[in-house]
């Protein structure tokens, strides 16, 4: 009976083949690790005042270099996971290399109070991301909000201007610009009534020109 050529080849080249497979696996892992972050829902650990509260995180763990952090606050009665998908913010975070979190309100309602439980929760989220998740550039922490999330973002920025490098708001119900903190915080604004490609381009140029 003739010898199996595949069996003979394997006996001769098995070590080389195994090494090649290992190298390919390592290269795939490196490439995969440098790709898009995965979105994960986490509960804040027991050492935080807001322990047990959930946050949706889109950021690589243990980044070697410091990255900006952006908090995105949805409107009331909005499911955070759906908001993440519909907003497209996670795709932008992958492209621009920043850490992104979607804090989750209790019972889908934000408490718009700079000294309230949600204010403490957002502080805890920033600390958790910095200490337990990845390497955050503390000088580049940003907050963006929609609707009631925008009102909370404004309230926090006015109460503690040094907490965030910049703030973006859309569709808050209070009269523009919502909570007034012009005396404490230098402001510059770009108003947009309808969102289209031209408006998006203006907003991106506006934010890119900021020193922060």
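Residue numbers (the UniProt record's numbering): 1 to 212.
Quick reminder that beta carbons are idealized off the backbone N, C-alpha and C, glycines included.
Quick one, are the C-beta atoms of residue 106 and residue 145 less than 8 Å apart?
In terms of Cβ geometry, residue 106 and residue 145 do not form a close pair [threshold 8 Å].
Got a sec? Which residues, its chain only, sit under 6 Å from residue 87 by beta carbon, not counting five neighbours each side?
none
Would you check if the region 87-103 and the region 52-59 touch, i.e. whether three or more CB-CB distances between them fall below 8 Å?
Three or more beta-carbon pairs drawn from the region 52-59 and the region 87-103 are found closer than 8 Å, and the two stretches are therefore classed as touching.
With H, G and I counted as helix, E and B as strand and the rest as coil, what does DSSP make of residue 112?
Correct three-state label for residue 112: coil.
Coil, strand or helix - residue 96 by DSSP:
helix
Residues in the same chain with beta-carbon distance under 6 Å from residue 140, minus the five sequence neighbours each way, listed in chain order, please.
68 and 165
Mark residue 134 as exposed unless 16 or more other C-beta atoms lie within 10 angstroms of its C-beta, in which case mark it buried.
buried
Figure out for me which residue from 103, 157, 150 and 130 has the closest Cα to the Cα of residue 41.
103
Figure out for me which residue from 160, 125, 159 and 143 has the closest Cα to the Cα of residue 54.
125
Buried or exposed by the 16-neighbour rule on C-beta atoms within 10 Å, applied to residue 77:
exposed
Residue 94 to residue 117 span [Cα, whole Å]:
30 Å
Tell me the rounded alpha-carbon separation between residue 121 and residue 156.
12 Å
Here's a check: name, in chain order, each residue in its chain whose Cβ is nearer than 6 Å to the Cβ of residue 37, leaving out the five neighbours to either side.
58, 59 and 60
What residue range is occupied by the uninterrupted beta strand (DSSP E) comprising residue 170?
Where residue 170 is concerned, the enclosing beta strand (DSSP E) stretches over 166-170.
Residue 177 to residue 153 span [Cα, whole Å]
Because residue 177 carries a pLDDT of 46, less than 50, the predicted location of this residue cannot be relied on, and no value is offered for it.
Per DSSP, what kind of secondary structure is residue 48 in: helix, strand or coil?
coil
Residue 150 - containing alpha helix (DSSP H), residue span
148-159
Assuming residue 119 is part of the alpha helix (DSSP H), what are its boundary residues?
117-128
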